[in-house]
Amino acid sequence: MRLTRTSDLWWKNAVVYCLDVETYQDSDGDGTGDFAGLTQRIDHLVRLGVTCVWLMPFYPTRERDDGYDITDFYGVDERLGTLGDFTEFVRTARDRGIRVIADLVVNHTSEHHPWFQDARSAKDSAHRDWYVWADEPPQDGPEGVVFPDAEDSLWEYDETTGQYYLHRFYKQQPDLNIANPRVRDEIARIMGFWTQLGLSGFRVDAVPFLLETDGQRDADRLPDPHEYLADLRAFLGRRSGDAVLLGEVNLPYDDTALFFGEPSSGRGDELTMCFDFIGMQQMYLSLARGEAAPLARSLRERPAAPRDAHWATFVRNHDELTLDKLTDAERAEVFAAFGPEKDMQLYDRGLRRRLPPMVDGDRRRLELAYSLLFTLPGTPVLFYGEEIGMGENLAAEGRQAVRTPMQWTADENGGFSTADPADFPNPVADGAYGPEQVNVHDQARDPGSFLARMRLLIESYRQAPELAWGEFDLLDSADPAVLAHLSSLPEGAVLAAHNFSGDRATASLTVPGLGPDAELTDVLTGATLTTRSDGCLHLGLEPYGYRWLRVSTRRDDPDRTTST
């Protein structure tokens, strides 16, 4: 039997915070955020309650895909600082109790990467077989263009050598040939390099594409893709026993669950965590309808993560807010509610908006969404700026609309940089969500601010181990607008209830283990309430209201101890 220390599973109750270094804080006035600036802002993350920072790509790049077109996997983009600046940030974060993970983007490189420059120089070059080539695009090859607004094919003709190369993403990003053992060895070296410098793991980009070999002439050279993923997990474990692989796998639940590891083993030996894309999309459908049923259905259908694995939950990711797993009719409902204008949508499958403008700044609906984030089973992941209710800037191109500079102060540049805004990576958000109205400085001094509420939610989540570690059960609320669930450990339980409706709702709940006159304590306010004589809990919820209730001892049983 394999024993696992709780400390090795730090990610089970982590609070992950995703940020892009270039849009977070500029320390030298050149208009681009950098590691020195990020290090200066570490106290904000500590006060917020963040326990893990996820860095979007910071490697050298030609900036053809917001840093995902990498030209060197072993360096730091000179605009963002040096390897010394990177290690200083990691050390400072560790000193403050914050781990750091980073994007692992190894399904492709930039066309300017030295490997590809060599590969395209001649058919017999040393790195030719590091990429996928064909005389003609194969009929049995992969299908589906990721960026339909920019590309109409997965194959690009290279005039130098007279063959086509595969690119799942932009044509400036040729796919690596994962079937080549030298490529697989190099991926392990990349992981080993960054863990040696202090990283606690990686968010693995586009995992299914990384492992795909459809149509490749040498696909038989690759071990079973899941065996290879297990090998990467084992390698990472040898280098750093508590390091994680957080996977981007946007597939149906049953297919996604396979990326945790072999189901029959009962344990996770591939990805440590997988994002719950389906649950996120169903949450937005519930918000649009004012009904709990879509989200409740996805929670019932979601496979339980195996031992040593976990789901990761989020309100929005760093790309478009994808709605691709909804039906056409369901997607139309969400579009109508939260992004009715064509300019708010992207690829006809998602939204390029942040939540506050989507709900017209309705504080109640914002709090509802983030209360769900911290109470539903899974590791919560925040995108920078969510803690203050930042909005988007639709004047920015494509997905850049939600990657605007962080807003620290009320000045026109939001305290991000002293440079001319024309030199910023993306324009600052404007209008009702510009820095004058939404910034860290003002909210940090206002006990009623959204930032203060987010701090409370995170603190309460961290003090309620049942939410991260407990057994999850959906409860019948007797009201279609209310989602109620119980998270239980032998030592205690927390009941969470959320009203998706703009009307007041009353949930009538039968809570397992609770009898007549049992007492519950509100985790967020300290208020108490009791069940009725029949053991039923009647819980009133304000429009878009929510409650976190700790199940406590029965009043008439003095020998029982209070759950904590």
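Sequential numbering of the sequence shown, starting at 35, is according to this note's numbering. Note that beta-carbon positions come from the ideal geometry of N, C-alpha and C, so glycine has one too.
Per DSSP, the unbroken beta strand (DSSP E) holding W345 starts and ends at H344 to F348.
For T290, the closest of P328, N211 and A240 by C-alpha to C-alpha distance is A240. Using a Cβ-Cβ distance cut-off of 8 Å, the stretch 410–423 and the stretch 449–461 are not in contact, since fewer than three pairs of beta carbons, one from each stretch, lie closer than that value.
Non-local C-beta neighbours of T564 in its own chain, meaning closer than 6 Å and more than five positions away in sequence, comprise D551 and E553, ordered along the chain. Rounded to the nearest angstrom, the Cβ distance from G384 to T361 is 14 Å, too far for a contact under 8 Å. With respect to the 8 Å criterion, C308 and A264 are not classified as neighbours on the basis of their beta carbons.
Annotation for D507: the continuous beta strand (DSSP E) segment containing it runs E505 to L509. In the structure shown, S405 falls within a helical segment according to DSSP collapsed to helix, strand and coil. If you check the CB distance, I132 and T85 come in under 8 Å.
Unbroken beta strand (DSSP E) stretches of 3 residues or longer found wholly inside the stretch 156–220: 189–192 and 197–200, given in chain order. Taking 8 Å as the upper bound for CB-CB distance, A531 and L575 are in contact here, some 6 Å apart. C-alpha of R128 to C-alpha of H161: approximately 38 Å in a straight line. Counting of Cβ neighbours within 10 angstroms places T562 among the exposed residues, the total staying below 16. Setting aside the 5 residues that flank it on each side, D310 is surrounded in the same chain by R336, W345, A346, T347 and G412, each with a C-beta closer than 7 Å to its C-beta; the list follows chain order.
A distance of 8 Å or more separates the beta carbons of T229 and L200.
Here F123 carries a helix assignment [DSSP, helix/strand/coil].
One Cα belongs to S542, the other to L509, and the distance between them is close to 10 Å. Contact holds between the stretch 45–64 and the stretch 109–123, because three or more Cβ pairs, one in each stretch, are under 8 Å apart.
Rounded to whole angstroms, Y495 and S187 show a C-alpha spacing of 46 Å. Distance between A222 and Y165, taken at the CA atoms: about 17 Å. Assigned with DSSP and collapsed to three states, F107 falls in coil, not helix or strand. Bridge pairing for S522: E505 and A527 [DSSP]. According to the DSSP assignment, F236 belongs to the beta strand (DSSP E) that extends over G235 to V238.
Straight across, the Cα-Cα distance linking Y381 with P182 is about 7 Å.
Contact between the stretch 462–481 and the stretch 425–437 is present: three or more C-beta pairs spanning the two stretches fall below 8 Å. For Y404, the number of other beta carbons within 10 angstroms of its own is at least 16, and it is reported as buried.
Residue environment analysis places G178 among the exposed positions, since fewer than 16 neighbouring C-beta atoms fall within 10 angstroms of its C-beta. Assignment of A338 by DSSP, reduced to helix, strand and coil, places it in the coil class. The alpha-carbon of G275 is positioned some 7 Å away from that of D42. Put simply, the backbone Cα of G395 is about 33 Å away from that of A527. The C-alpha of I76 lies about 49 Å from the C-alpha of D158.
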